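Chains as they are written, first to last, in the UniProt record's numbering: chain R, 1 to 69; chain S, 1 to 69; chain F, 1 to 69; chain C, 1 to 69; chain U, 1 to 69; chain E, 1 to 69. For glycine and all other residues, C-beta sits at the position ideal for the given N, C-alpha and C. On a predicted model such as this, the values are computed, not experimentally measured, just so you know.
Protein chains: 6
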Amino acid sequence: MKLSARNVLKGKVKKVVTGAVNSEVIIELPGGAEMTSIITKTSAESLKLKEGSEVYAIVKASNVMIGID
Amino acid sequence: MKLSARNVLKGKVKKVVTGAVNSEVIIELPGGAEMTSIITKTSAESLKLKEGSEVYAIVKASNVMIGID
Amino acid sequence: MKLSARNVLKGKVKKVVTGAVNSEVIIELPGGAEMTSIITKTSAESLKLKEGSEVYAIVKASNVMIGID
Amino acid sequence: MKLSARNVLKGKVKKVVTGAVNSEVIIELPGGAEMTSIITKTSAESLKLKEGSEVYAIVKASNVMIGID
Amino acid sequence: MKLSARNVLKGKVKKVVTGAVNSEVIIELPGGAEMTSIITKTSAESLKLKEGSEVYAIVKASNVMIGID
Amino acid sequence: MKLSARNVLKGKVKKVVTGAVNSEVIIELPGGAEMTSIITKTSAESLKLKEGSEVYAIVKASNVMIGID
Chain R
1 MKLSARNVLK GKVKKVVTGA VNSEVIIELP GGAEMTSIIT KTSAESLKLK EGSEVYAIVK
61 ASNVMIGID
Chain S
1 MKLSARNVLK GKVKKVVTGA VNSEVIIELP GGAEMTSIIT KTSAESLKLK EGSEVYAIVK
61 ASNVMIGID
Chain F
1 MKLSARNVLK GKVKKVVTGA VNSEVIIELP GGAEMTSIIT KTSAESLKLK EGSEVYAIVK
61 ASNVMIGID
Chain C
1 MKLSARNVLK GKVKKVVTGA VNSEVIIELP GGAEMTSIIT KTSAESLKLK EGSEVYAIVK
61 ASNVMIGID
Chain U
1 MKLSARNVLK GKVKKVVTGA VNSEVIIELP GGAEMTSIIT KTSAESLKLK EGSEVYAIVK
61 ASNVMIGID
Chain E
1 MKLSARNVLK GKVKKVVTGA VNSEVIIELP GGAEMTSIIT KTSAESLKLK EGSEVYAIVK
61 ASNVMIGID
């Protein structure tokens, strides 16, 4: 599937923390930066996410804020 | 200000496209990947964003989806 | 690509309204209900969306509110 | 209350999964498609959601992504 | 309609700025604080929003970030 | 850091409810209105949020819906 989302960053799962409803997925990007995603536990299981899984972190442009120092 | 947002990526503005209400801001991350942000035109002006501005792309973890091949 | 998003509804583009930065895409679901999506103009062009295009409307579960009468 | 949200789909609750903070609500749309919503446990309790409750799934247009095959 | 959204703040429209696709609506809260909302132009017209309209600003709890000094 | 977010409301933490993955933070605004935020447990801990903490509730304008009676 091709997506309208403008931000699709390739990375590798570093850690999955599972709750009753949601899971927290920590993704390591090339270069060492990290992204954190909260998805449903059902989705994390359905995608079989675990340490080392190759994934894309996907963000809609309207969900990206900007900050400056 | 220190933020709850888990995803704060440093980059440099590559391009700003301005509409009547919103602006599209393209941010170049170190390593060459790009992120796109939609913010209000008023915010883009208030932050004085232009090509070369040093910025942070900020994303709340609940707004990060995951995809796999 | 397989997505974590829990809501993926198949439909057909009914109308695209294009602004300077964003496009509004009206999608007709089977049965006649409609969904409206706002994506960047660049995404709408990149997906070549036009009346009749077959698309998926994709929504992260954390972005679905619930109302009752 | 009349809402600005462009996407208001009527359905029936199929299942509620309750965590410490959030609840997952699965909604069956007419025709058999399903939508999943994550709301706070407090909201799910306040709306007295349970299997069979008639509800609306509400999504802001800016939270609808588009995908194509 | 009763909503799952945890944040429903009453206010009065101070200004509407209209673009091709979206409208920016500035809302004055009691006490003088302001909130800004971006909704589709179609929604702003359908709700007949104009200076002085009494409205609710509605935000899903998962869309509220927290910052500290 | 200066943010693009248009909605930054000062308040005081009234209550923190902690789950396995997320925390619910109830914020009291001056005047007595309340806002509820869901952030990751890790963020709540990293910001050391507890009853009485002075915080800002931050909302991107594109995440504010509007309702009328």
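Cβ neighbour criterion (16 or more within 10 Å) applied to residue i
i: glutamate 54(U); result: exposed
i: methionine 35(U); result: buried
Whole-angstrom distance between residue j and residue i, CA atom to CA atom
i: tyrosine 56(R); j: glycine 67(S); result: 5 Å
i: lysine 41(S); j: threonine 18(S); result: 7 Å
i: arginine 6(E); j: asparagine 63(R); result: 13 Å
i: leucine 32(C); j: valine 25(C); result: Reading off the sequence shown, one finds glycine at residue 32(C), where the question assumed leucine. Answer to the nearest angstrom: the Cα atoms are 15 Å apart.
i: valine 21(C); j: asparagine 22(R); result: 10 Å
i: aspartate 69(U); j: methionine 65(C); result: 34 Å
i: isoleucine 58(R); j: methionine 1(U); result: 33 Å
i: serine 43(E); j: alanine 44(U); result: 35 Å
CB contact flag (residue i, residue j, <8 Å)
i: leucine 29(C); j: leucine 49(C); result: no
i: alanine 61(R); j: serine 37(S); result: yes
i: isoleucine 39(U); j: serine 4(C); result: yes
i: lysine 12(U); j: glycine 52(U); result: yes
Span of the alpha helix (DSSP H) around residue i
i: alanine 44(F); result: 41-46
Below-8 Å beta-carbon distance, residue i vs any chain B residue
i: alanine 44(S); result: Looking at the structure shown, chain B is missing, and the protein chains on hand are R, S, F, C, U and E.
Start-to-end residues for the beta strand (DSSP E) that takes in residue i
i: methionine 1(E); result: Looking at the DSSP string, methionine 1(E) is not in any beta strand (DSSP E), and its letter there is neither H nor E.
i: leucine 9(R); result: 7-18
i: serine 23(E); result: 22-28
i: alanine 57(U); result: 54-59
i: glycine 32(S); result: Careful: glycine 32(S) lies outside any beta strand (DSSP E) and carries neither H nor E.
Proximity test, residue i beta-carbon vs the ligand SAM heavy atom, cut-off 7 Å
i: leucine 3(U); result: Looking for the ligand SAM in the displayed structure turns up nothing, as the structure carries no ligands at all.
Counting only Cβ-Cβ distances shorter than 8 Å, please list the residues of the segment 7-27 of chain U near chain F, keeping chain order.
Gly19, Ala20, Val21, Asn22
Short-range partners of chain U found in the segment 32-56 of chain E, where Cβ spacing is below 9 Å:
Ala33, Glu34, Met35, Thr36, Ser37, Ile38, Ile39, Ser43, Ala44, Leu47, Lys48, Leu49, Ser53, Glu54, Val55, Tyr56
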